[in-house]
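Asks: Have a look at this one.
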Amino acid sequence: MRQNALHHRGVAGLLQAIRGLPARLMRNVRSRAGASPTSGFSFDRESGTIGPMARARQGLLQGQGAVRWWRRCRSGNPELGSFFLGADGLSMLALSLAAILASGTLSYWCAFASVLRAARRSRSSANGFSRIVVLGSCLDPFGRPTPTYRRRLERALALFGSAPGSTIFLLGGRTAEGAPTEAEAGADYLRSRGVPESALVREERSRHTLENLRFYRSAPPPADPRPAALVTSRFHLARSSLLACGLGIPHTVCAAEDHWSASCGEIGRLLAEAFLVHWYLVGRTYASWTRNRRMLDRIR
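877 is the number of the first residue of the sequence shown in our numbering; add one for each residue after it.
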């Protein structure tokens, strides 16, 4: 009996200690933080510190964001606001990397040679066009055109001056939450330089070059059958022309810059463009060989 009584008292003491554990932990955290009851477990507005529980919750939300990003990346549906890759794009990225490794990087350097040739040899003028198509570029943090984008807009302005009856198509959607679209920022810039609103047409849904050109192709065809002047930066000319040819868009390329400069930044951009060109060509070749209608419909 005595042993049973001691046993029951021991169990009761243990349960009481367990019940009091949260309160002791809270007192301990508060005494260490030296702040209000919420400090250490949430954001402290006075000190600006983040406690462990808030930090854990923040990490959880970041993890959920990563899952959402992956799902959007796999879906590849622009109408859902997803990224452009999709499952096909990701698989072709892996295949492109495999092709580069299997060829000892030779296939990549062939793509680089074509990008470099287009950057160096393309003209910065155009003749016999009725449309000027300006490919968008990312805006600065204040929602204004960056120097790269301004050079494209200035080239379009020069072409419009030589053909005042032409139409300027500005391509590019919103790439940051709350920012204007690239097309709207470009239109504001050109209007400030004297281009009438009636000469401007905006495409504001696309998020990358392929979508730029696909949405442009869906516009009503011009009455004038002459090819459009496709204006973009020199490092971007090869891929833009390649995509436009794949989509069946008649065009002549027109470089935004007067001359190509062999700066470190420009070489870096050419290296990146060569990889994207290689990725596109591998995907297009695979889709043609396998007769993958879904992939072919995406790029042509």
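Ideal Cβ positions, reconstructed from N, Cα and C, are used throughout, including at glycine. Remember, predicted model here, so these are calculated numbers, not experimental data.
Checking the sheet assignment: what are the DSSP bridge partners for E1079?
Replies: Answer by DSSP bridge pairing, in chain order: L1047.
Asks: Bridge partners for P1021 per DSSP, in chain order?
Replies: Paired residue(s): L1015.
Asks: Look at I1044 and V1010 and say whether their C-beta atoms are less than 8 Å apart.
Replies: Yes.
Asks: Around the Cβ of T1161, are there at least 16 other Cβ atoms within 10 angstroms (buried) or fewer (exposed)?
Replies: Exposed.
Asks: For A1104, write down the residues that DSSP places opposite it in a beta bridge.
Replies: Partner(s): H1127.
Asks: Specify the secondary structure class of R1069 as computed by DSSP and reduced to three states.
Replies: Here R1069 sits in coil by DSSP.
Asks: Taking the alpha helix (DSSP H) that G962 falls in, what are its first and last residues?
Replies: 962-978 is the span of the alpha helix (DSSP H), which, as asked, contains G962.
Asks: Taking all protein chains shown into account, do 16 or more other C-beta atoms lie within 10 angstroms of the C-beta of A893, making it buried, or fewer, making it exposed?
Replies: Any reading at A893 needs caution, since the residue's pLDDT is 47, under 50, leaving its predicted position unreliable; the model's value is listed next. Per the 10 Å Cβ criterion, exposed.
Asks: Might you give, ordered along the chain, the residues of its own chain that have their beta carbon closer than 6 Å to the beta carbon of H883, omitting 5 neighbours on each side?
Replies: Unreliable placement is indicated for H883, whose pLDDT of 45 sits below 50; the coordinate value is still reported in the next sentence. Result list for H883: empty, nothing under 6 Å.
Asks: Below 8 Å, can you find three or more Cβ-Cβ pairs linking the stretch 1094-1109 to the stretch 1016-1032?
Replies: As far as the Cβ criterion goes, the stretch 1094-1109 touches the stretch 1016-1032, which means the pair count is three or higher.
Asks: Return the first residue and the last residue of the alpha helix (DSSP H) that N1088 is part of.
Replies: It spans 1085-1093 - the alpha helix (DSSP H) in which N1088 sits, taken as one unbroken run.
Asks: Would R1007 pass as a contact of C1130 if the rule is Cβ separation under 8 Å?
Replies: In this structure, C1130 does not lie closer than 8 Å to R1007 by Cβ.
Asks: In terms of residue numbering, what span does the alpha helix (DSSP H) encompassing A1120 cover?
Replies: Residues 1113-1122.
Asks: For L1033 and P1072, I'd like the C-alpha separation in whole angstroms.
Replies: In a straight line, the C-alpha of L1033 is about 11 Å away from that of P1072.
Asks: Around the C-beta of L1152, are 16 or more other C-beta atoms found within 10 angstroms, so that it is buried, or is it exposed?
Replies: Result: buried.
Asks: Applying the 10 Å Cβ sphere with the 16-neighbour rule, what's the burial state of L977?
Replies: Counting Cβ neighbours within 10 Å, L977 comes out exposed, since fewer than 16 surround it.
Asks: Just the C-alpha distance for L971 and A987, rounded to the nearest angstrom, thanks.
Replies: Going by the C-alpha atoms only, they are around 15 Å apart.
Asks: Would you decide whether W1165 is buried or exposed? Buried here means 16 or more other CB atoms lie within 10 Å of its CB.
Replies: With fewer than 16 other Cβ atoms within 10 Å, it is exposed.
Asks: Inspect the CB distances between the stretch 1050-1067 and the stretch 1093-1108 and report whether three or more fall short of 8 Å.
Replies: As far as the Cβ criterion goes, the stretch 1050-1067 does not touch the stretch 1093-1108, which means the pair count is below three.
Asks: Spatial neighbours of R1081 within its chain, please: CB distance less than 8 Å, with the 5 preceding and 5 following residues excluded, ordered by chain position.
Replies: Only P954, G1049, E1087, F1091 meet the Cβ criterion.
Asks: What does the alpha-carbon distance come out to for the pair H1135 and A989?
Replies: In a straight line, the C-alpha of H1135 is about 18 Å away from that of A989.
Asks: Would you kindly report the start and end of the unbroken alpha helix (DSSP H) that includes F988?
Replies: Counting along the chain, the alpha helix (DSSP H) containing F988 begins and ends at 982-997.
Asks: Between M1171 and the rest of its own chain, which residues show a CB-CB distance below 6 Å, the 5 nearest in sequence each way excluded?
Replies: Only D964, A1163 meet the Cβ criterion.
Asks: For L1089, which residues from the same chain have a beta carbon less than 7 Å from its beta carbon, with the 5 sequence-adjacent residues on both sides left out?
Replies: Around L1089: L1119, A1120, L1123, I1125.
Asks: Buried or exposed for R1069, please, with buried defined as at least 16 other CB atoms from any protein chain shown within 10 angstroms of its CB.
Replies: Its Cβ having fewer than 16 others within 10 Å, R1069 is exposed.
Asks: When DSSP labels each residue in this structure, what does R1176 get in the three-state scheme?
Replies: The answer is coil: DSSP assigns R1176 none of H, G, I, E or B.
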